Amino acid sequence: MCGIAGVYYFDGREPSVSLLKAMTDVIRHRGPDDSGFRTEPGIGLGFRRLSIIDLQEGHQPLCNEDGSIWIVFNGEIYNYKALRRELTEQGHTFRTNTDTEVIVHLYEQYGERCVDKLRGMFGFAIWDGNRKELFGARDHFGIKPFYYRTDRERFVFASEIKSILAADDAVPALQPESLLNFLTFQYVPEPATMFQNILKLPPAHTIKVKRDGSVTLNRYWDPAFTPADRPFAEVVEQLREKLKDSVVHHMQSDVERGCFLSSGIDSTAIAALMRRIEPVRTFSVGFEGVNNETIVAGETAKALGTEHYGKIISEREFFDAVPKAVWHQDEPVADPSAIALYHVAALARQHVTVVLSGEGADELFGGYRIYREPLSLRPLAWLPTPVKRLIRRLVRFLPEGMVGRNYLLRAMTPLEERFLGNAKLLDEESKALLVRLESRLLDTYENPWKIARRIYDRTQHLDSVTRMQAIDIHLWLPGDILMKADKMTMAHSLELRVPFLDKELFELARTIPASYRIAGGTTKYVLRKAMEGIVPPFVLHRPKLGFPVPLREWLKGERGAAMLEQIRASGIDHLFHLDRVEQMLVRHRAGEADYSRVLWAVYIFGLWHATYLQEAGLRVRERSASAL
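Counting from 95, one number per residue, gives the positions in the sequence shown under my numbering.
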């Protein structure tokens, strides 16, 4: 696992090593073991290494035999040994045992289609000296990041946004449309970021930059669901074997491995399969009271026979870590579980360098409780559309909180108008009341419903459950789950691997019928059946928790007032009606409504604003003053 950065000057200027060093020093946490640089006219590549495979020979940037092709690579290729054998038979010569060199020779052999051969997680950039072109790619699901900025003079890329900011003395600027989408999704959907003119390379995409400054993106893979009728028992057996195979491949490393362990089936399945191969260390965190996952995790670890480490996080420890987490994330992500992940990563790094985790199982196999909604709404699904519209208009006149009102509203509302993913915060009307942005922008920007429409339009032929999963796998998964997974673990120089997000496993998952994923009101039904005899029985049907944070209760105490003070000091009063934020807090503390998620989102955005916009502006002004 590593950090990459680079600059391509279209006029042929050679980037300085000092520039590359500034870009890589700021992401030293991604690679504390080694650094490397390569410059020539037009191109500069920088690298930070966390040694995982081939500890002695993994220095980057790395080139082919004649030095015409150079690469910087962040990630792991799990089928690199098989690919190496194939390439050797085709006449390629290797001088290291790294997966990095395999990508170089794959590019020589197959060009841009080299990504089709890769099984793993990756963000890489290849400089083709013969063509004077830069070629980059991001893995199938978006496990590893790839950010970039381009203008008429240069193309800048990196594993983290802070590296791109380090390459420019200009004050970073907010992208207002991203703020509006953040207030609905709780993250910024691809390809935008919270910064103007900085973009994310979407998952399963390549990027090619030519010397004339043209930038071309290409999708090389599509995680589309194609359900097919097959015997249930056959699917169960195939899933069990595919997951076993994925875990074996994800355990490849030359350093110590471990596993995150929560109270649910996903991480338990990974830990159980690892334990069948070798002794395993497992790690969990929790909070005092009903949100303490460490109790169940400890029981699970005992049943599996793992060496277990757990930690109870206090309220103070939780909030002390928030500013650090915000800095590492680059962009605001209003998911409180990110802070729990920050703590469990710190715990794991005391013992191992690589951890496996259960991310992705919910999106692939139907794990979220909301996926049961189409079944619960089925009794009214037969009503004609005109009748549904009439009932919907009438229901709106019923009092808020009336039993059955919300059910009828959702049943009468088309899926495309009611589901945006797991973490919908605010609708457009609520955002208009909260933010100080121009009303014209609110009317014209690419809002969440427009973003989701692109996915819904491609899934019209599928059932409602599968369409919901498609929304989450394209939006929630890369924008929240994988973003925080990468940033919170790399903050501690810890490599996270996610065996459920394996392209070979997905080829099976995409074909599983919805009736196998959600059955009898049970989520991930087929996965639970596949794990019988592997996962302890008391975990098989345990509901999902996922590092639950007692935020609602904390904000009712003095913590709520302290958060409001920090929000007021963050410099966002020109973006938000802070009096309305205060009103939300007052109502929340009085128990009149639960505003914890919205308050947290504003708080996280405020800390991000103070860290990346206020402080950056101050530093630039100080440098300008000193120059005078």
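No residue lacks a Cβ here, since even glycine has one placed at the ideal position from N, Cα and C.
These figures come from a predicted structure and were not determined experimentally.
Top-ranked residue by Cα proximity to residue i, from the options
i	options	result
LEU293	THR244, LYS302, LEU274	THR244
LEU484	ALA505, GLU494, VAL497	ALA505
ASN275	TYR539, LEU139, LEU471, LEU337	TYR539
VAL374	VAL209, VAL696, ALA363, ALA260	ALA363
SER524	GLU206, TYR689, ARG305	TYR689
THR388	ARG143, PHE377, ALA397	PHE377
ILE407	ASP360, TYR242, PRO644, GLN423	PRO644
LEU507	ARG534, ASP306, LEU520, LEU471	With the sequence shown as reference, residue 507 is identified as Thr, and Leu is not the correct amino acid for it. With distances taken between Cα atoms, THR507 lies closest to LEU471.
LEU333	ALA603, ALA261, ARG248	ALA603
ALA207	ARG313, VAL559, ASN500, ASP160	Here the sequence assigns Arg to residue 207, which means Ala is not the residue at that position. Considering only alpha carbons, the answer is ARG313.
TYR201	PHE216, ILE606, ASP222	ASP222
VAL620	LEU337, THR118, ASP105	LEU337
ALA327	ASP673, HIS703, LYS623, ARG691	LYS623
THR133	LEU113, ARG122, LYS175, LEU590	LEU113
ILE698	MET288, ALA322, ILE301	MET288
HIS668	SER357, LEU571, GLN708	GLN708
ILE301	PHE188, ALA318, GLU227	GLU227
Residue i - containing alpha helix (DSSP H), residue span
i	result
TRP221	Counting along the chain, TRP221 falls outside any alpha helix (DSSP H), though it belongs to the beta strand (DSSP E) covering 214–222.
SER470	467–470
PHE229	Unbroken run through PHE229 is the beta strand (DSSP E), 227–232; no alpha helix (DSSP H).
GLY700	690–703
ILE661	652–663
VAL675	672–683
SER431	431–443
LEU669	First-last for LEU669: undefined, no H or E at that position.
LEU503	499–505
GLU647	645–648
ALA741	Lying outside 95 to 722, the shown extent of the chain, residue 741 is not represented and no answer is given.
GLU457	455–459
DSSP state of residue i mapped onto helix, strand, coil
i	result
PRO266	coil
GLU254	coil
ALA613	strand
LEU398	helix
TYR172	coil
SER112	helix
ASP128	strand
LYS405	strand
PHE249	strand
ILE237	coil
LEU156	strand
PHE491	coil
ARG715	With a pLDDT of 43 at ARG715, under the threshold of 50, the predicted position of this residue should be treated as unreliable, though the coordinate-derived value follows. ARG715 falls in the helix class under three-state DSSP.
TRP476	coil
LEU514	coil
THR190	coil
VAL481	helix
PRO417	helix
PHE412	helix
TRP315	coil
GLU523	helix
LEU722	At LEU722 the pLDDT is 40, less than 50, meaning the model places this residue with poor confidence; the figure from the coordinates comes in the next sentence. Coil at LEU722, not helix or strand.
GLU151	coil
THR320	coil
VAL198	helix
Range covered by the beta strand (DSSP E) that runs through residue i
i	result
ILE137	137–143
THR244	241–244
ALA99	96–103
VAL633	From DSSP, VAL633 is part of no beta strand (DSSP E) but of the alpha helix (DSSP H) over 631–634.
LEU450	448–450
Cutoff 8 angstroms: residue i Cβ touching any chain C Cβ
i	result
LEU519	In the structure shown, chain C does not exist; there is a single protein chain.
Inset, instruction - Would you mind listing the alpha helix (DSSP H) stretches within the region 527–574 that are 4+ residues and don't spill past its ends, in chain order? - result: Considered as a whole, the region 527–574 harbours 533–538, 542–552, 558–565 as its complete alpha helix (DSSP H) runs of no fewer than 4 residues, in chain order.
Inset, instruction - Note down, one range per segment and in chain order, each alpha helix (DSSP H) of at least 4 residues found wholly within the region 268–313. - result: As for any alpha helix (DSSP H) of minimum length 4 sitting wholly inside the region 268–313, the runs are 270–279, ordered along the chain.
Inset, instruction - Count the C-beta pairs between the region 448–465 and the region 597–613 that are closer than 8 angstroms, then say yes if the count reaches three, no if not. - result: When Cβ pairs closer than 8 angstroms are counted between the two stretches, the region 448–465 is seen to touch the region 597–613, the count reaching three or more.
Inset, instruction - Could you name each continuous beta strand (DSSP E) segment of 3 residues or more that falls completely within the region 336–396, going from the start of the chain to the end? - result: If we require 3 residues or more, the beta strand (DSSP E) runs fully inside the region 336–396 come out as 351–354, 375–380.
Inset, instruction - Could you tell me whether the region 430–447 touches the region 400–413, using the rule of 3 or more Cβ pairs below 8 angstroms? - result: Contact between the region 430–447 and the region 400–413 is present, with at least three C-beta pairs closer than 8 angstroms.
Inset, instruction - For the region 581–627, list the beta strand (DSSP E) runs that are entirely contained and at least 3 residues long, ordered along the chain. - result: Listed in chain order, they are 589–591.
Inset, instruction - Check whether the region 188–197 touches the region 259–272, counting contact only when three or more Cβ pairs, one atom from each stretch, lie closer than 8 angstroms. - result: Because the criterion of three Cβ pairs below 8 angstroms is not met, the region 188–197 and the region 259–272 do not touch.
Legend entry - Sufficient close CB pairs (3 or more, under 8 angstroms) joining the region 339–359 to the region 443–452: A contact exists between the region 339–359 and the region 443–452.
Inset, instruction - Check whether the region 198–216 touches the region 251–258, counting contact only when three or more Cβ pairs, one atom from each stretch, lie closer than 8 angstroms. - result: Taking a cut-off of 8 angstroms for Cβ pairs, the region 198–216 and the region 251–258 do not touch, as fewer than three such pairs fall below it.
Legend entry - Touching by the beta-carbon criterion (3+ pairs, under 8 angstroms), the region 487–494 and the region 509–517: Flag = no, the region 487–494 and the region 509–517 do not touch.
Legend entry - Contact between the region 233–248 and the region 591–605 (3+ Cβ pairs under 8 angstroms): Contact check between the region 233–248 and the region 591–605: three or more CB pairs, one atom from each, fall below 8 angstroms, which counts as touching.
Legend entry - Any 3 or more C-beta pairs closer than 8 angstroms across the region 528–546 and the region 299–314: The region 528–546, when compared against the region 299–314, does not touch it at the 8 angstroms Cβ threshold.
Legend entry - Any 3 or more C-beta pairs closer than 8 angstroms across the region 281–297 and the region 148–162: As far as the Cβ criterion goes, the region 281–297 does not touch the region 148–162, which means the pair count is below three.
Inset, instruction - Would you check if the region 653–665 and the region 418–428 touch, i.e. whether three or more CB-CB distances between them fall below 8 angstroms? - result: In this structure the region 418–428 does not lie against the region 653–665, because fewer than three pairs of beta carbons, one per stretch, are closer than 8 angstroms.
Inset, instruction - Say whether the region 134–142 touches the region 108–124, bearing in mind that this needs 3 or more beta-carbon pairs closer than 8 angstroms, one atom from each stretch. - result: Result yes; three or more Cβ-Cβ pairs closer than 8 angstroms.
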